[in-house]
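According to the working numbering, the sequence shown is numbered sequentially starting from 12.
Yeah, the Cβ is synthetic: ideal placement off N, Cα and C, and Gly gets one too.
What you are looking at is a predicted structure, and each value in this text was computed from that prediction instead of being measured.
The next block holds one structure in the form of structure tokens; read it before the comments.
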Amino acid sequence: MSARPQARARRAGAADPAGEEGAARLFTIGELAAELAITTRAIRFYEAKGLIAPARRGVARSYSRRDRARLKLILRGKNLGFTLEEIAHYLELYDADPAQITQTQMLLARIETAIEDLQEKRADLDRTLKELKEIRTQCVEHLRRKGGAH
Numbered sequence: 012m013s014a015r016p017q018a019r020a021r022r023a024g025a026a027d028p029a030g031e032e033g034a035a036r037l038f039t040i041g042e043l044a045a046e047l048a049i050t051t052r053a054i055r056f057y058e059a060k061g062l063i064a065p066a067r068r069g070v071a072r073s074y075s076r077r078d079r080a081r082l083k084l085i086l087r088g089k090n091l092g093f094t095l096e097e098i099a100h101y102l103e104l105y106d107a108d109p110a111q112i113t114q115t116q117m118l119l120a121r122i123e124t125a126i127e128d129l130q131e132k133r134a135d136l137d138r139t140l141k142e143l144k145e146i147r148t149q150c151v152e153h154l155r156r157k158g159g160a161h
């Protein structure tokens with residue numbers, strides 16, 4: 012939700028999912044799925060993998076602000092290319108290290124590796140593009156010399 016609709020919702024008295032309702036605020040699986048733009052199936056998958064542990068009321072799941080924060084960290088890790096095992100380790104560090112030093116060091120190392128990997132891929136792409144353009148030029152010249160149209 013952009014800032015404007017959130018502000019309108021607050022002025023209208025509607026509850027903001029991330030609002031100031033305190034740590035006791037609970038979310039349904041549908042609310043989290045909509046807010047985070049993921050499926051309820053994905054949320055249940057992360058639960059099955061032990062990455063989140065919502066409270067249960069009968070068959071209904073109730074997600075805390077902590078669960079919501081963990082889901083955001085899971086999605087960030089996934090977007091950065093972390094494996095589920097790396098995400099699980101990252102979450103363990105998040106819980107164990109209030110100052111988040113070790114967690115931040117791990118994230119920084121992963122980011123540095125991702126930057127290096129992407130720079131290598133960019134160099135490979137640049138090399139491949141250069142080679143393809145050279146081949147294209149050779150093909151065009153060959154067709155021109157042989158009387159082929161291009």
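Would you call residue i buried or exposed, if buried means 16 or more other Cβ atoms sit within 10 Å of its Cβ?
i	result
Pro-65	buried
Ile-112	exposed
Ile-146	exposed
Arg-67	exposed
Gly-69	exposed
Put residue i into one of helix, strand or coil per three-state DSSP.
i	result
Asp-27	Its pLDDT being 47, under 50, Asp-27 is placed unreliably by the model, and nothing is read from it.
Ala-59	helix
Which same chain residues, not among the five before or five after residue i, have their C-beta less than 7 Å away from its C-beta?
i	result
Arg-81	Leu-62, Ile-63 and Leu-102
Leu-37	Ser-73, Tyr-74 and Ser-75
Arg-79	Phe-38 and Leu-43
Provide the residue(s) that pair with residue i in DSSP beta bridges, ordered along the chain.
i	result
Ser-73	Ala-66
Glu-93	First, the residue type needs correcting, since residue 93 is Phe and not Glu in the sequence shown. DSSP, once it has assigned bridges, lists no residue as partnering Phe-93.
So which of the options has the shortest CA-CA distance to residue i?
i	options	result
Ala-71	Thr-39, Leu-84 and Ile-126	Thr-39
Tyr-105	Arg-133, Lys-144, Thr-50 and Leu-84	Leu-84
Gln-114	Lys-132, Glu-97 and Thr-51	Glu-97
Near residue i, which residues of its chain fall below 8 Å by C-beta distance, leaving aside the five closest residues on each side in sequence?
i	result
Ala-99	Lys-60, Gly-61 and Leu-62
Leu-143	none
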